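Remarks on the structure that follows.
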Amino acid sequence: MIELESVSKVYRGQDGEVRALHNVKLSVDRGEFVVVRGPSGSGKSTLLLTIGGLVRPTHGKVFVDRKNLYAMSGGDLAKFRAEKVGFVFQMFHLLPYLNVLQNVLVPTLPGVRQTGRGRARELLEKLQMSDRLHHRPSQLSTGERQRVAIARALLNQPSLILADEPTGNLDPDNTAHVLGYLSDFHKEGGTVVLVTHEKSAEEFAQRVVLLDAGGLVVPGENR
Amino acid sequence: MSIIRMLLKEIAHRKLSFLLGVVSVIAAVALFVAVLTMSEASQRETTRLMRDMGFNVLIVPKNTDMADFWSEDFGKEEMPEDYVYKLANSKTILVRHLVATLQKKVAWRDRKVLLTGVLPEAPLKGKEKKPPMGFSIPRGKVYVGFELARSLKIKEGDAVNLLGKDFVVERCLQKSGSKNDIRIYGHLHDIQEVLGKPGKINVIEALECRCEGERLPTIRKSIAAALPDTIVSERGSIALARAETRKMVEKYAAFLIPMVFLICAVWVGLLALSNVRERRQEIGILRALGFRSGRIAGLFLGRSVLLGLIGAGAGFALGTALALRFGPEIFKVTSEKISPMVSLLGWSLIGAVALCALAAYLPTILAITQDPAVTLREE
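Top line first, the protein sequences correspond to chains A and B.
Quick note, the first sequence lines up with residues 2 to 224 if you use this note's numbering.
Quick note, the second sequence lines up with residues 3 to 381 if you use this note's numbering.
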């Protein structure tokens, strides 16, 4: 499903160049659950955003479903993200001015407004957030915020979840819940690429990939 | 979720920032509306005063004795009526109103009266059409001055005979406290007929609405070129008063309005920039969720457009209220002269929306070009 061909990413700033990814080669099959690990600054987040069509690599190509992402137009790339990918971040990134239900509905695709509403309620019920539909993010615990972010990522029934340290701010109970939701998505046939330091996440993964200073050290083997 | 709904929710969430923007637009639009409303009223008032005081440029035959003219308010010399048409059809003459008259002092019902024939004002070729200033008296009718009407007990609708020709009194005029109270006004061609002077006039009165003292030589030169056998004179104090009023209004309009609009644009731009900075993570997540650049731009530009619309509406109302409240004092006009200028509402809406959209343009571009990889990793 995902194919990275010699992907490099260099950030150019006032302090010079920072090499975030260097010649990364990676394949992820459809329906695979892959955990990406590595020390801070090793390029894990950049790798995830590159796969999600948000960060254009300096060199190399990224294919998802055999489509060369960065050969697409901006509009097609946005459509790809809306339809195929669900993002989950460590900082949740909920919109502070919308309530729980509205936050989940933000990515609603055109023409499916009614069904989107029903699905949002279903997801929130499944994630045990039914009694919080009209609460603002500031009124939720961190665990609840992450559940809302997961519901938002799942709204458009993506085939791929890209999760960047989704348990980084959570206590062990909530960590277990979040990993459980990602595992459920995977069991239903979805593909998951999870960046995490959380050791327990490896239980759910079919493969663990190690990144070191932008270079893929261990591409991982199926477990 | 629709962009408009998100827009309204965001505005409700960050009320203070939005209100600060609205207040600045209200201030700019209110000043614009107040100054223009008051200056328009001032212009109307000045025109009224000028009309009451009379025309400010006089054209008389070259051999007119001006000493006689000033003592009688008209000269004995005559010139062809065609002269007024010549001026009216000239594109180079800098006057706005032209009225030709033939005047003569005659004895009527044991009194001295000033018989005055007035030619209805001819439209000036190639110039904006203005409401006529002089009387437009129908053939066969006369207007009778206050003193004559009072002393001779003449009423509107009475039939009178003037030097052998019958007329109907159309109007008895209000008291003016001048020679006009002993005038009888008629259509120029009727008066030419009763005086036996067909095709003759003895003065052309003109008004040059924007004339200032130093422009008289130019006006004089242009008229002299068209009518070489005439004298052009001016009632100096009237022109000066008019120039002073206009200069004051123009000074206000030319300095204050652009200055306030510029400050408003900078302020709205800074607020938009601050809004973009505050929401950079939101922009990143919207990109990740598949929002196109156009939708994200719509969120930010839409906010500014809404700000402009609300600010323009409220600013128009405030500006009009300010003009009504303070206009009479500042511009020395009667309060009845100040009326709301509805046409300014449209201009305020267009101007404020364009200004706000322009001010938010750069911050919006910044918003849609932000690197999501940077903003999504910020804590």
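For glycine and all other residues, C-beta sits at the position ideal for the given N, C-alpha and C.
Quick caveat, the model's predicted, so the values are computed rather than measured.
Inset, instruction - Please confirm whether Leu96 (chain A) and Glu284 (chain B) have their CB atoms less than 8 angstroms apart. - result: yes
Inset, instruction - Kindly indicate if chain B contains any beta-carbon less than 8 angstroms away from that of Leu5 (chain A). - result: no
Inset, instruction - Scan the segment 56-79 of chain A for residues whose Cβ lies nearer than 7 angstroms to a Cβ of chain B and list them as they occur along the chain. - result: Val56, Gly75, Gly76, Ala79
Inset, instruction - Would you kindly work out how many angstroms separate the C-alpha atoms of Leu110 (chain A) and Ala79 (chain A), rounded to a whole number? - result: 11 angstroms
Legend entry - Straight-line gap, Gly198 (chain B) to Ile206 (chain B) (C-alpha atoms, nearest Å): 19 angstroms
Legend entry - Nonlocal neighbours in the same chain, by C-beta distance under 8 angstroms from Val24 (chain B), ignoring five residues either side: Leu309, Ile312, Gly313, Ala316
Inset, instruction - Taking only beta-carbon positions, decide if His94 (chain A) is within less than 8 angstroms of chain B. - result: yes
Inset, instruction - Mind checking which residues open and close the alpha helix (DSSP H) that includes Phe64 (chain A)? - result: Careful: Phe64 (chain A) lies outside any alpha helix (DSSP H), inside the beta strand (DSSP E) at 60-65.
Inset, instruction - Give the residues of chain B in contact with Thr47 (chain A), contact being defined as C-beta atoms less than 7 angstroms apart. - result: Ala375
Legend entry - For Thr103 (chain B), the residue or residues it bridges with in DSSP: B:Val120, B:Val205
Inset, instruction - Flag Arg305 (chain B) as yes if its beta-carbon sits less than 8 angstroms from any beta-carbon of chain A, otherwise no. - result: no
Inset, instruction - On the DSSP bridge assignment, give the partners of Thr192 (chain A) in chain order. - result: A:Leu161
Legend entry - Within chain B, the residues that Pro108 (chain A) reaches when beta carbons sit closer than 7 angstroms: Leu291, Gly292
Inset, instruction - Return the CA-CA distance between Gly32 (chain A) and Ala177 (chain A), expressed in angstroms with no decimal places. - result: 21 angstroms
Legend entry - Between the CA atoms of Gln147 (chain A) and Gly87 (chain A) - distance to the nearest angstrom: 13 angstroms
Inset, instruction - Return the Cβ separation of Val59 (chain B) and Glu236 (chain B) in integer angstroms, given the expectation that the two are a contact with Cβ distance under 8 angstroms. - result: 6 angstroms
Legend entry - Cutoff 8 angstroms; reference Lys68 (chain A); Cβ partners in own chain excluding five residues on either side: Phe81
Legend entry - Three-state class that DSSP yields for Val19 (chain A) in the structure shown: strand
Legend entry - Alpha carbon of Lys45 (chain A) to alpha carbon of His198 (chain A), nearest angstrom: 11 angstroms
Inset, instruction - Name, please, each residue of chain B whose Cβ falls closer than 8 angstroms to the Cβ of Phe186 (chain A). - result: Those within 8 angstroms of Phe186 (chain A) in chain B number zero; the least Cβ separation is about 17 angstroms.
Legend entry - Interface partners of Ile285 (chain B) on chain A, CB under 8 angstroms: Within chain A, no residue comes near Ile285 (chain B); the closest Cβ sits about 10 angstroms away, beyond 8 angstroms.
Legend entry - Bridge-paired residues (DSSP) for Ser9 (chain A): A:His60
Legend entry - is_contact[Lys11 (chain B), chain D] using C-beta, thresh 8 angstroms: Structure shown: chain D not included; protein chains present are A and B.
Inset, instruction - Locate the beta strand (DSSP E) running through Asp168 (chain B), then write down its first and last residues. - result: 167-174
Legend entry - chain A residues whose Cβ lies nearer than 9 angstroms to that of Leu378 (chain B): Ser46, Leu50, Leu55, Phe88, Phe90, Met92, His94, Asp165
Legend entry - Counted within 10 angstroms of its Cβ, other Cβ atoms place Ala161 (chain B) as buried (16 or more) or exposed: exposed
Inset, instruction - Please look up how many angstroms separate the CB atoms of Ile5 (chain B) and Gly292 (chain B), rounded, as I've assumed it's under 8 angstroms. - result: Wrong, their Cβ atoms sit about 14 angstroms apart, outside the cutoff.
Inset, instruction - Show which residues of chain A have a CB atom less than 7 angstroms away from the CB atom of Met3 (chain B). - result: Gln103, Leu106, Val107, Thr109
Legend entry - beta-carbon Phe88 (chain A) near the ligand COA non-hydrogen atom, thresh 7 angstroms: The ligand COA is not among the ligands present in this structure, which contains no ligands whatsoever.
Legend entry - Check whether Met1 (chain A) and Thr192 (chain A) have beta carbons under 8 angstroms apart: The question about residue 1 (chain A) has no answer, for chain A in this structure spans 2 to 224.
Legend entry - Closer than 8 angstroms to chain A by CB, Ser276 (chain B): no
Inset, instruction - Could you check the C-alpha separation between Ala241 (chain B) and Leu209 (chain B) for me, to the nearest Å? - result: Because Ala241 (chain B) carries a pLDDT of 48, less than 50, the predicted location of this residue cannot be relied on, and the following value inherits that uncertainty. About 9 angstroms.
Legend entry - Extent of the continuous alpha helix (DSSP H) to which Gly76 (chain A) belongs: 75-85
Legend entry - Own chain partners of Val37 (chain B) with C-beta closer than 7 angstroms, once the 5 adjacent residues on each side are dropped: Tyr254, Ala255, Leu258, Ile259
Inset, instruction - Determine the DSSP secondary structure at Leu27 (chain A), reduced to helix, strand or coil. - result: strand
Inset, instruction - Any chance you could list the beta strand (DSSP E) runs of at least 3 consecutive residues sitting entirely within the segment 3-76 of chain B, in chain order? - result: 59-63
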